[in-house]
Amino acid sequence: MGYKELKFPEQSVFLVTGCAGFIGSNLVEAIINMGYIVRGLDNLSTGFYRNIEEFISHPNFEFIEGDIRDLDTCKKVTEGVDFVSHQAAWGSVPRSIEMPLYYEEVNIKGTLNMMEASRINNVKKFVYASSSSVYGDEPNLPKKEGREGNVLSPYSLTKKVNEEYGRLYKELYNLDTYGMRYFNVFGRRQNPEGAYAAVIPKFIKQLMNDEPSTINGDGKQSRDFTYIENVIEANLKAFNAPNESAGHSYNIAFGGREYLIDIYSQLENALEKSMQPIYGPDRNGDIKHSNADISKAREFLEYDPEWNFDKGIQAAIEWYKENL
Ligand SMILES: NC(=O)c1ccc[n+]([C@@H]2O[C@H](COP(=O)([O-])OP(=O)(O)OC[C@H]3O[C@@H](n4cnc5c(N)ncnc54)[C@H](O)[C@@H]3O)[C@@H](O)[C@H]2O)c1
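So for the sequence shown, numbering that gives the first Met the number 0 puts the first residue at 0; every next one is plus one.
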């Protein structure tokens with residue numbers, strides 16, 4: 000069953016934190032389209048008002064500009080909320096290596112504030128963004144929950160700590176938490192700008208503008224690139240999952256494996272461009288290969304991703320062609 004057929008009690012209220020970001024704004028859109036009430040929280044630090052502008056006058060959407068580092072804000076926005084999808088955080092491994100204290104404040108303290116506020120306000124389900132980077136230096140593929148290595152960056156550590164709190168909040172307070180270990184998500188509204196942008200939107204924009212792209216390392220690194228629709232499905236299926244599956248973390252990916260250099264060529268072909276990339280040094284904190292075993296999410300969340308890489312990249316390219 001696709002997520003659009005899921006049914007939640009009428010008048011259910013959903014809160015999406017990080018609603019002006021890439022994943023958050025897509026969740027807002029999906030949940031509004033399903034007919035439910037959505038509240039969105041964002042401090043517009045890495046997200047953009049333009050990502051939510053089209054929903055702002057929708058009767059079922061309310062935007063609150065605020066910061067997850069402030070517990071009172073978190074308490075206020077979770078009042079009367081049934082389901083929380085907590086996406087607000089600072090991303091990027093290299094940036095976290097430059098500013099670890101900030102990551103601790105936003106990603107750890109902010110997430111703890113959101114869990115605590117959700118506990119106080121009797122939220123039914125608390126689904127939060129974790130990351131495949133919690134696997135750290137574990138070399139075996141595919142990545143499987145329960146087989147993690149040592150984390151390689153402050154960012155990854157913040158996600159690991161989030162997961163520990165997620166487990167504890169289920170055990171100690173019976174808050175139903177679900178950690179979503181996203182694997183390199185891509186799709187509409189992902190920011191192509193800046194030094195810390197994700198590779199797919201960055202390559203697309205550079206190719207469209209006839210600018211050379213830099214590939215870190217030899218380009219032979221691989222990732223389980225995951226289209227945004229699969230991530231929306233995972234969040235909504237987690238809201239619908241039984242209580243016994245709470246307190247755990249789940250790989251959220253398609254279960255495929257794409258090489259960076261091949262993606263670059265695929266984008267060149269699709270955009271009818273030809274541009275020799277520049278090869279840069281390997282990035283600190285990066286791993287060579289990543290590919291997910293998604294059987295745990297399939298079994299316990301009924302996650303059944305419908306968008307493979309090729310279908311997703313075509314949809315993403317179409318969106319960027321119209322919107323860049
Ligand atoms: N995109 C991916 O490939 C990926 C992979 C793994 C994990 N994640 C996680 O998924 C979540 C969403 O990522 P994204 O790609 O949409 O990033 P994003 O930067 O587009 O969105 C994050 C949003 O959170 C907001 N935010 C940041 N700090 C905040 C604060 N203190 N208070 C309130 N709002 C704040 C930002 O303004 C932004 O709108 C993050 O937790 C990220 O770590 C993303």
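C-beta atoms are modelled at their ideal positions from N, C-alpha and C, and glycine is treated no differently.
Cα separation between residue i and residue j?
i    : j    : result
K159 : S129 : 8 angstroms
L70  : A116 : 7 angstroms
M0   : A296 : 14 angstroms
I51  : V184 : 19 angstroms
K3   : N322 : 25 angstroms
L171 : Y195 : 37 angstroms
D309 : V198 : 16 angstroms
F125 : G17  : 14 angstroms
G311 : E301 : 21 angstroms
A315 : E228 : 11 angstroms
G284 : S91  : 10 angstroms
G145 : F82  : 26 angstroms
P153 : Y319 : 31 angstroms
I251 : K272 : 32 angstroms
Which residue marks the beginning of the beta strand (DSSP E) containing residue i, and which one marks its end?
i    : result
K124 : K124 to S130
L14  : V12 to T16
T213 : T213 to N215
D41  : I36 to D41
What did DSSP end up calling residue i once you bin it into helix, strand or coil?
i    : result
V184 : strand
G109 : helix
Y172 : helix
Y102 : helix
G279 : strand
I251 : strand
I55  : coil
E4   : helix
K142 : strand
E326 : As displayed, the chain neither begins before 0 nor continues past 323, which places residue 326 out of reach and without an answer.
F47  : coil
G90  : coil
A269 : helix
Have a look at the DSSP bridge pairing and note the partners of residue i.
i    : result
Y258 : S221
H288 : S221
G178 : Y127 and S248
I63  : L40
State the start and end residues of the unbroken alpha helix (DSSP H) segment that holds residue i.
i    : result
F82  : Per DSSP, F82 belongs to no alpha helix (DSSP H); it is in the beta strand (DSSP E), F82 to H85.
I203 : V198 to M207
E228 : I227 to F238
Q189 : Element bounds for Q189: n/a, residue is neither H nor E.
E28  : F21 to N32
K74  : L70 to T77
I293 : Note, I293: premise wrong, no alpha helix (DSSP H); not H, not E.
F308 : F308 to N322
Look at the Cβ atom of residue i, then the Cβ atom of residue j, and state whether they are nearer than 7 angstroms.
i    : j    : result
Q220 : K287 : yes
G39  : V15  : yes
Y263 : F202 : yes
F13  : I30  : yes
L5   : N234 : no
A237 : Y177 : yes
S131 : S155 : no
L338 : G193 : In the structure as shown, the chain starts at 0 and stops at 323, and residue 338 therefore has no counterpart that could be examined.
F224 : P304 : no
Can you confirm whether residue i, when its beta carbon is compared against all beta carbons of chain D, has any partner nearer than 7 angstroms?
i    : result
E162 : In summary, chain D is missing from the structure at hand, where a single protein chain is found.
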